[in-house]
Amino acid sequence: MSNGYEPSKIENEFYKICEERKYFEVDGNKAIQEEGKNFSIMMPPPNVTGRLHIGHALTFTLQDIITRYKRMDGYKTLWQPGTDHAGIATQNVVEKQLLAEGTTKEELGREKFLERAWAWKEESAGIMTDQLRKMGVTPAWERERFTMDAGLQKSVKEAFVHLYNEGLIIRGNYMVNWCTHDGALSDIEVEHEDHNGKFYHIKYPFADGSGFVEVATTRPETYFGDTAVMVHPDDERYKDLIGKKIRLPLLQREVAIIADTHVDMDFGTGVVKVTPAHDQNDYEIGKRHDLEFITVFDEKGILNDYAEEFKGLERLEARDIIVKRLDEEGFMVKIEDHKHPVGHCYRCKNIVEPYISRQWFVRKEVANKSIEKTNNGEAQFFPPHWINSYNSWMGELRDWCISRQLWWGHQIPVFYCDDCDHEFASKDEAPSACPKCASKNITQDPDVLDTWFSSALWPFSTLGWGNGDVEMDKLFQSDDMKDFYPNTLLITGFDILFFWVARMMMMGEKFNGQLPFNHIYLHALVRDEKGDKMSKSKGNVIDPLDMINKYSADILRFTLAISAAQGRDIRMSQEKLELNRNFTNKLYNASKYLQMNVDTFPDMKGFCIETDLGRYMVSRLNLATKEVRAALDEYKFNDAATVMYRFLWNEFCDWGIELSKADKGSIVELGAIFKEAMKLLHPFMPFITEYLYHELSGTSLETSDSIMISSYPSKTKQRKEEKKFEIIMDAIVSIRRAKVLVDLANQKIEKAFVKIDGISDKDKEMMLPVSARLAKVTQVEFTEIKVENAVSDIAEKCETFIPTDSIDLSSIISKLTKQDEKLQKEVDKLNGMLNNERFVANAPEDVLVKNREALSDASSKQTKVKEQLTSLKN
RNA sequence: GCUCGAUUAACUCAGUGGUAGAGUGCUUCCAUGACAUGGAAGAAGUCAUUGGUUCAAGUCCAAUAUUGAGCACCA
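Its first residue numbered 801, the first sequence is counted upward by one per residue in the numbering used here.
The following block contains the structure:
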């Protein structure tokens, strides 16, 4: 072990071996699988052309920890990997590439463009999954899927056609969110952000020439589509104007002044232009008042004939030109600064327009049963408060716009007959004839589905649902749906609760009659050390791959896990990584110590631990095992990691190893215990634990099984030796404290006396060499009485005396006085409680017992302190 | 505006009605044969504020303040 631990080499090698041995697959742990124990978790498919970022690192680390835990705990385990075709994102990347080559997708044509997109997908797909491998994660790679692979194309069609035939997918002309670059977007794909815009006050003259009203708008370029002007019916200022006609500025078109309570009299001028084809509210008003819907620009945002002299201009570029003309013609009253929210496309950041368009929608009723079942507790959120967000979003659910004007994606499986206009949905790739008139002239809808439509099916489409016979034998086992649906757990970020989780819930329930998950764990955001969001523009991005190179995957994983408290954002910093690097260093050195003394160590299984120290450490390991399991079962990753940090460093190293220096016979046992602890830690730090385990066993991964398919520690019983060691440790600390009093803290001293009651002679005998070694005293002696001419320390379970000629009385007196004050406080508090009749009457028995004991301990300790003080003062 | 969080040691954060916890940092000391990426001892708290429930509140309830997120939104 002398040449040190080289994480990068070990991590790559070990990963490769384990993957080749198919440990990650469903039956990778066949030898330890227990009947009826199944565990399944779906990887949220990252974008196929994406790059690993710190958020991925967190989510996949947590998923891997749970998966490895379950796999070692005897579960038949499926962690389903895959990537997402990410419609808009990927198409935009390919379009940019074309642009750089001086061409466009239109020039290329749909078929060639798709070839390009597939080629790009093939080229970059491996990058993300290779980066995942660097993290040391263990999904069942042989079952890796892509949301547009042949099988999933089938299952998407299956789902679509089913919903279509039930009338739950409909096509209609509605107002949608329109990005002039990316086309229709669903409501959640629009990000609202405050803009420092302008408020343009424009004169709208009466048609009869008798004056004007002042109308305020933030989007003057839409006024060509005005089909009314609106005031509040109760507004005294404008009451008489209702019914009057307005002639729109620069145009000959006349519109009526109508009244509607939607108007806020106190905002702006109280007069509102109504543009039903370009504003969500106006759309509703237009329908209410039976107004004309005039669309003034095309799908690319280019103004049309209605804009008359401005025809051909782009909507946003036209704004200033229009305003200038209005001003020249005397229609402009004033321009104010105005802060207001503006919707942006979540992919390209373009300003989104409300736009009337014919699109496909999934009706919101699809979700009804999933909402009901979620609230009946069929699926459980971690942390639980997320159900509130889920419910509030579900409560305001609107029809989901699923058609996208893209080429990259699942083309909508609806066909139109060119001859009889019949419309039908079909699972066939290319239906040959119209089912109504048998015409062969049929055309498929050119649009594709929202990426999230295929993602919504992920928890079951990957289990073979709707896949037909595509790669049946390779990808699936016959019982997959039975074994793995509902998925045991979903781990993902709260940022895609609506995009993805809610949609999976509705689709999963709809097609399988059961919600797709038992547990849903939503993790928080990873921020920088100051608590700021990481972003490229701020330059505060921590790249997980850099951190793996600099530290190791183990250290990155452990740091993320120990920071992952439920419901709280994670502050990531190099400092934290360094602390955990120190921890791995500690583990490495502990192994080195063990091996300096003994060459190889047995496994705990079937090995009898006989020494006092061994039995004590086993007891502590058992406690740690119990706590780690409990924490993992509740997805408290931070608690589990903290328990192991504490056990391995503060208990095993600080006490176990140190005590073993006085009892070399126990070292072989400590090694066995350490090896078991490596198994406990393995899900968090898979590589160094594997390495140390084999080092200490005298084996190697190349020639023997990995601990990742060995049984997870399960013994949780505690032993009576704990009491004994509490006393020993108390005595050692007490002697060390007493030494500080005579300024001999780290020097070896000749003699110390310890006064302990209620301990057997045999235990005393065992204590002597141990305490002498750890407290650095040549000779420790027991005493029944107080030792004169000595400094002393009063601990929980004992008193210590160090004889000395030169005692600095003042420092000792001040220490004892402080101790006395503290004890007095404690005694007072406990007395107060125990003298309170109502407390004694109401508190449970165990609390009473505990408090009585605490009181008697505290007051007997205080008595000793007081005695010391008196004798010193005399 | 509505909803959901957060507020605990100098810092980062745990905390499950029953005497307030960890790591880092700080103070003092130690290069002892696993480890200075280390070891020992210690100091450090009005649990944001104010009420309430309870024998008992950091923990439950209400209000306030500060702060973060999500949703909605005024042309």
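A virtual CB, placed ideally from N, CA and C, is assigned to each residue, including glycine.
Remember, it's a predicted structure, so these values are computed and weren't measured experimentally.
Cut-off 7 Å between Cβ atoms - residues of its own chain near residue i, not counting five sequence neighbours on either side
i, result
"residue 1212", "1160, 1203, 1245, 1247, 1248, 1249"
"residue 1663", "none"
"residue 1469", "1409, 1411, 1414"
"residue 1033", "1059, 1061"
"residue 1651", "1630, 1633, 1634"
"residue 1398", "1467, 1468, 1471"
Among the options, the one whose alpha carbon lies nearest that of residue i
i, options, result
"residue 1236", "1228, 1226, 1354, 1222", "1222"
"residue 997", "925, 1138, 881", "1138"
"residue 1061", "901, 1649, 1089", "1089"
"residue 1068", "1039, 1085, 1014, 1074", "1014"
"residue 1421", "1443, 921, 1177, 1196", "1443"
"residue 936", "986, 1016, 1044, 810", "810"
"residue 1458", "1575, 1496, 1564", "1575"
"residue 1476", "1417, 1152, 961", "1417"
"residue 782", "1029, 1487, 1025, 1224", "What is shown of the chain runs 801 to 1674, which leaves residue 782 out entirely."
"residue 981", "939, 1273, 1186, 891", "891"
"residue 826", "1320, 1241, 1053, 1274", "1274"
"residue 1435", "1323, 1540, 1532, 1351", "1323"
"residue 1096", "1494, 1086, 1111", "1111"
"residue 1628", "1654, 1603, 1360, 1105", "1654"
"residue 1666", "1626, 1642, 1617", "1617"
Sequence-distant residues of the same chain with beta carbon closer than 8 Å to residue i, five excluded per side
i, result
"residue 1300", "844, 1252, 1255, 1256, 1292"
"residue 1327", "1333, 1334, 1369, 1370, 1371, 1372"
"residue 925", "848, 849, 883, 946"
"residue 1020", "1000, 1002, 1119, 1122, 1123, 1126"
Three-state secondary structure (DSSP) of residue i
i, result
"residue 802", "Because residue 802 carries a pLDDT of 46, less than 50, the predicted location of this residue cannot be relied on, and no value is offered for it."
"residue 1020", "helix"
"residue 1114", "strand"
"residue 1208", "coil"
"residue 1089", "coil"
"residue 1494", "helix"
"residue 856", "helix"
"residue 818", "helix"
"residue 1600", "strand"
"residue 848", "coil"
"residue 1061", "coil"
"residue 968", "coil"
"residue 1547", "coil"
"residue 1010", "coil"
"residue 842", "strand"
"residue 1292", "strand"
"residue 882", "strand"
"residue 1299", "helix"
"residue 770", "Limits of the chain in this structure are 801 at one end and 1674 at the other, which puts residue 770 out of reach."
Contacts around residue i, its chain only, beta-carbon distance under 6 Å, and the 5 residues preceding and following it disregarded
i, result
"residue 829", "871, 1509"
"residue 802", "Legend: pLDDT at residue 802 = 46, less than 50; position of this residue unreliable, no value from coordinates given."
Contact test: residue i Cβ vs the ligand PLP heavy atom, cutoff 6 Å
i, result
"residue 1186", "With respect to small molecules bound, the structure shown includes none, and the ligand PLP cannot be examined in it."
Quiz item: Where are the beta strand (DSSP E) runs, 3 residues long or more, that stay fully inside the region 1311-1347, in chain order?
Solution: 1317-1323
Exercise. Decide if the region 1481-1490 is in contact with the region 866-876; the criterion is three or more beta carbon pairs, one per stretch, under 8 Å apart.
Key: yes
Practice problem: Output the residue ranges of the beta strand (DSSP E) runs that lie fully inside the region 916-962 and measure 3 residues or longer, sorted by chain position. | Solution: none
Quiz item: Does the count of Cβ pairs from the region 828-836 and the region 878-887 closer than 8 Å reach three?
Solution: no
Quiz item: Is the region 1374-1390 in contact with the region 1523-1538, if contact means three or more CB pairs nearer than 8 Å?
Solution: no
Exercise. Pair every Cβ in the region 1042-1053 with every Cβ in the region 1002-1009, then say whether three or more of these pairs are closer than 8 Å.
Key: yes
Quiz item: For the region 1598-1614 against the region 1663-1673, are there 3 or more C-beta pairs whose distance is under 8 Å?
Solution: yes
Practice problem: For the region 816-823 and the region 846-861, state whether three or more C-beta atom pairs, one from each stretch, are separated by less than 8 Å. | Solution: no
Quiz prompt | Cβ contact check for the region 884-891 and the region 1387-1407: 3 or more pairs under 8 Å | solution = no
Practice problem: Determine contact between the region 1258-1269 and the region 1121-1134, defined as no fewer than three beta-carbon pairs at a distance below 8 Å. | Solution: no
Quiz item: Where in the region 1037-1083 do unbroken runs of the beta strand (DSSP E), each at least 3 residues long, occur, reported from the N-terminal end onward?
Solution: 1045-1047, 1054-1059, 1072-1074
Practice problem: Would you list, in sequence order, the uninterrupted alpha helix (DSSP H) runs of no fewer than 4 residues that lie entirely inside the region 1433-1473? | Solution: 1437-1445
Quiz item: So does the region 1542-1562 actually touch the region 1488-1507, counting three or more Cβ pairs closer than 8 Å?
Solution: no
Practice problem: State whether the region 1294-1310 contacts the region 1183-1200, with contact taken as three or more CB pairs (one from each stretch) at a distance under 8 Å. | Solution: yes
Quiz prompt | Touch test, the region 1224-1232 against the region 901-915, Cβ-Cβ under 8 Å, three pairs minimum | solution = no
Exercise. Just list the beta strand (DSSP E) runs in the region 1135-1185, keeping only unbroken ones of 3 residues or longer that don't cross its boundaries, in chain order.
Key: 1153-1162, 1180-1182
Quiz item: Are at least three pairs of beta-carbons, each pair with one atom in the region 1143-1161 and one in the region 981-992, less than 8 Å apart?
Solution: yes
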